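Participant:
Residue numbers (this note's numbering), protein chains in the order written: chain A, 181 to 793; chain D, 181 to 793.
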């Protein structure tokens, strides 16, 4: 029996001891973060699946992994031989986890999970579904939920320690807005929502609000923490090892009371919610708080459900942030241009693997002023590996690059000027006519979306089809959203805005976010053909105002990324004149913005790579 | 003082007698129908505004009319001098009615309306908003709602009688599905929704379910009625004057118990909801039932809120319906082609007004086999009159047509083969380059949407931008949805599907409907320039399956309407090659389908009108 089966059997023994029939292990820390530190990688430990998103459900005689379209190919590969069934989320006929458990569980049974790593919304959907099932049977017996036990921790003996690194302060010339001003805006929003208090569990929201950054998650400069905002104070829960003297002073000056990270539950249990008058209610976003914390508050106080106001305030970048991002995106684009130049000229001449290519690009980024970290591990994928949307090359098994076929690189950096994210697919030599068709349709969709003009009030659901239609027309699709919001020296994925044609599974109750001037969003259509090739072309764009007239306020995008799209993989037969015009306009701008950062050889190459089609 | 002010003053006297501070008069019958018979036109009686959609709110010293973008120009004109304020729905900064009353009303005040003509959803939003306002004041005093008095009826002395015309039966070769089968599908859906009973108040749903049609509303072949479906029976409430011996027999054979229309409230009060076992709950759609009926049920039984299953079942046309529609749309298109031929050749040679033009077209439709009625009053609008989306020409004030400028005709028929709806804008002679630009962008958007391919799961919100983007790119918009569902020998507007970029005001909680094969939907972008011109080009399309592959089930549209779009108003400078290809493909099909129904002169003209651009 394999190591995964052994671990699952050990987990099942613990489940039996506690009388649990199913146990859920989500991919999450205590804050619903997308990327998590080693301490929180229990789902990977018990399944072998290394993707950044997925949930493991273990029953007495089954185990299932739910993940989304980005990871279908990777998960199939990694789950092979483990006996774990892959549930492809949002595919026809595939139940989500609440529906699955509704079908499988019977009154008298018990479901277990660690409520600290289960998001509240999902936990409550489970609660509701299982209550429905029990009601339906109508014999007065419930399906029980136990959320107070971390069974994974009992089995996982060599679990890494909880991270606890010191935070660092952002001066106002980088943050563009003081914590006092941000707290003022948050309290204004609380009033509008009819709440006195705000419970914050999202790490990037907390970093934004306090103008600090942390080091507790690779690539995401965040610190494990909680916040509780009252009309006069803010309580901030953080491990003492993370508090520097500078931060301690800054906190004091801003009316922020520092508490130990571990005290949050007890604090919420003991707080006098009537102490500030009013309704005494707490605003919380059920999608952004753990089920365990929700249950702590339940019954103690009134809730007002709603988005954290911090989420939207953080997403609308201020002028300082936008100006710094604009600059850093040009420097970051120049690094990628240098990389593509190097790759095109060195492939076939020196040994380059997926891993050494990524290392070369990462090295170019490190040379940029203000570099802090990568914004996520560079995805460097050649040929069929690129069909796995979030492929991670591994020493030993990774591919060597040859002067043929397509190579995909999705990468980004954390700089003092912002967070970047960019994908290009590069023809290393001959490519098939099918690949060229896929590559061209992807570029046409990406540029069509970049060039959109739309009325105030639109969300990403209204716009997604502009990127997707060229592929849909040919009966093709990519199984992921077209775009995500991007943080400022923060998480590479942030909300509330996105560009998707439908809401993610389980998120039916989430409100869509209207696109507002100052929001930053990615634009990354693609084609993924298992066993053959993967194509993605990704630019980052800022929403800004266009004209306002009797028909309304129009908005448009301004592109931040200036890297040529590979003309060697283009078949202009799939382009209309308007597509050529967009292509040429974009590439003229690439040359203008980037040429000054290059060597003479690189500059000459760029002139050719950006010449009109 | 004018007649409108007199009527409002009389209403205010009644409000004072009953102690009401505000009184609301919606545009509705007891069933939320879009078009209503004279008996129900209280809003028009008290405001002078003749549009098909709008709500009047009367206070002690104000009166306001809320209507949507289709009617802004018309309402401004008709409200002039009445002292009634126009509230332009969904415009920036314009409150909706609940928000307005939240702002204006104080604890201790009373809001009145006739609960039978107020839809439940809107009534409950009012309830909630006013309760919030009263709670906020926190002095224990409520804002009262009285919904049991029809004050409008007290003032309106010469009110028309309630209509009560006999119904007629649709044989199965026309309906395509028996009432027994439909009732079976409805009961299946009830089970899935966890309800025992269904309360139906939507007239077109009831007509569909019982395979009957009525004559109680002009252009809409429906009969005033209610339905209550139980596991074993269906109770159908209708005026005795409407029941024919044939229908009485059909009802008996299908387990349908006939009751008097006026008995619905008493029936719901007395019904034993526990009699059929189960949860004893009633499924009702809060958007499709009156507030008064909702209040009758409230407290008596559990509710399950949800769409009437009839709505979706009715919207997905069966094969008989689709085959008959396809045929009748060709005949209907041919009538419009004959009309355009006549118009182009006779304008300037004989006196033609907006009204005589409409009469000529209506006459051509009447000659078609199976003609029953118009599906709505023909909109015949020349030059600036066409800028009013739902303009109705009036004897005496209507325009005479001359060989210049643009003429818009939006029309349709009720036939035994289906309900049609089509709009064309015709150049009667010289048109300006601005008009040509607007006309071309409209046609390009319409054809781009017609040609869409999309994945199963898309709603109209995903697709709307395909029609609108060419206009948005130029900073223009039309203030209405792009498309609506269409009935089968029923209402020209039906749900649940539509093509809109955002949901209608007040409908935030309504679920969007996924587009399914068999659904029929209109595609009608336009440009409206007050004081100058109005352009709309409208085709009707059926959703059908395209390919299914590893990327999913794709869907596309099949067009039912075959009428040339006027090439005389086209400027090909605004068209890409793909737009020309779509244009030419559509027009080749128009000629092929329609030529056989024309005289030789008409045929020759059509050949030129459909020749490739």
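Where is the CB? At the ideal position from N, CA and C, for every residue including glycine. Bear in mind that the values here come from a model prediction, so they are computed numbers and not experimental data.
(1) Residue 485 of chain D lies in the alpha helix (DSSP H); which residues open and close that run?
(2) Does residue 688 of chain D pass the burial test, meaning 16 or more other C-beta atoms within 10 Å, or should it be called exposed?
(3) Buried or exposed for residue 729 of chain D, please, with buried defined as at least 16 other CB atoms from any protein chain shown within 10 angstroms of its CB.
(4) Check for me: the alpha helix (DSSP H) holding residue 512 of chain D runs from which residue to which?
(5) Is the separation between the beta-carbon of residue 736 of chain D and that of residue 623 of chain D shorter than 8 Å?
(6) Return the Cβ separation of residue 438 of chain A and residue 408 of chain A in integer angstroms, given the expectation that the two are a contact with Cβ distance under 8 Å.
(7) Could you tell me how far apart the beta carbons of residue 376 of chain D and residue 461 of chain D are, in whole angstroms, since I believe they sit closer than 8 Å?
(8) Quick check: residue 776 of chain D and residue 695 of chain D, are their CB atoms within less than 8 Å of each other?
(9) Chain D beta carbons: is any one of them nearer than 8 Å to that of residue 792 of chain A?
(10) Taking C-alpha atoms, which residue in A/330, A/537 and A/440 lies nearest to residue 195 of chain A?
(11) Determine the closest residue to residue 423 of chain A out of A/411, A/435, A/410 and A/441, with distance taken between C-alpha atoms.
(12) Should residue 215 of chain D and residue 399 of chain D be called a contact, given that it needs their Cβ atoms to be closer than 8 Å?
(13) Nearest CA to the CA of residue 703 of chain D: which residue from D/493, D/630, D/759 and D/769?
(14) How is the alpha helix (DSSP H) around residue 642 of chain D delimited, first residue to last?
(15) Applying the 10 Å Cβ sphere with the 16-neighbour rule, what's the burial state of residue 319 of chain A?
(16) Which two residues bound the contiguous alpha helix (DSSP H) that contains residue 766 of chain A?
(17) Can you name the start and end residues of the beta strand (DSSP E) that residue 723 of chain A belongs to?
(18) Does residue 763 of chain A come within less than 8 Å of chain D when only Cβ atoms are used?
(19) With C-beta atoms as the reference, is residue 203 of chain D less than 8 Å away from residue 280 of chain D?
(20) In angstroms, rounded to a whole number, what distance separates the CA positions of residue 309 of chain A and residue 242 of chain D?
(21) Can you check DSSP and say which residues form a bridge with residue 290 of chain A?
(22) Under 8 Å, do residue 586 of chain A and residue 558 of chain A count as touching if we go by C-beta distance?
(23) Assuming residue 742 of chain A contacts residue 513 of chain A (C-beta within less than 8 Å), just tell me the rounded distance between them.
(24) For the region 645-676 of chain D, enumerate the residues whose C-beta is nearer than 9 Å to any C-beta of chain A, in chain order.
(25) Closer than 7 Å by C-beta to residue 771 of chain D: which residues in its own chain qualify, once you throw out the five before and the five after it? Chain order, please.
(26) With 8 Å set as the bound, which would you pick, yes or no: does the beta-carbon of residue 319 of chain A sit closer than that to a beta-carbon of chain D?
(27) Since residue 682 of chain D meets chain A, which of its residues come closer than 7 Å, beta carbon to beta carbon?
(28) I need the straight-line Cα distance from residue 276 of chain D to residue 573 of chain D, nearest angstrom please.
(29) Spatial neighbours of residue 306 of chain D within its chain, please: CB distance less than 6 Å, with the 5 preceding and 5 following residues excluded, ordered by chain position.
(30) For the region 722-744 of chain D, list every residue whose C-beta sits within 8 Å of some C-beta in chain A, in sequence order.
(31) I'd like to know whether the C-beta of residue 643 of chain D is nearer than 8 Å to at least one C-beta of chain A.
(32) Can you give me the C-alpha to C-alpha distance between residue 463 of chain A and residue 300 of chain A, rounded to a whole angstrom?
(33) Apply the 10 Å Cβ neighbour rule to residue 725 of chain A and answer buried if 16 or more other Cβ atoms are within range, or exposed otherwise.
(34) For a cutoff of 8 Å on Cβ pairs, would you count residue 634 of chain D as touching chain A?
(35) At 4 residues or longer, and completely inside the region 437-461 of chain D: list those alpha helix (DSSP H) runs for me, N to C.
(36) Which term fits residue 555 of chain D, buried or exposed, when burial requires 16 or more other beta carbons within 10 angstroms of its beta carbon?
Facilitator: Taking the coordinates as given:
(1) Taken as a continuous stretch (DSSP letters only), residue 485 of chain D belongs to no alpha helix (DSSP H), being part of the beta strand (DSSP E) at 483-485.
(2) Note on residue 688 of chain D: pLDDT 44, under 50, position unreliable in the model; the coordinate value appears next. With fewer than 16 other Cβ atoms within 10 Å, it is exposed.
(3) exposed
(4) 499-526
(5) no
(6) About 12 Å separates the two Cβ atoms, so there is no contact after all.
(7) 6 Å
(8) no
(9) no
(10) A/330
(11) A/441
(12) yes
(13) D/630
(14) 640-653
(15) exposed
(16) 757-774
(17) 719-729
(18) no
(19) no
(20) 49 Å
(21) A/324
(22) no
(23) 4 Å
(24) 645, 646, 648, 649, 651, 652, 653, 654, 655, 656, 657, 658 and 659
(25) 786, 787 and 790
(26) no
(27) 637
(28) 30 Å
(29) 278
(30) 726, 727, 729, 731, 732, 733 and 734
(31) yes
(32) 14 Å
(33) exposed
(34) yes
(35) 444-450
(36) buried
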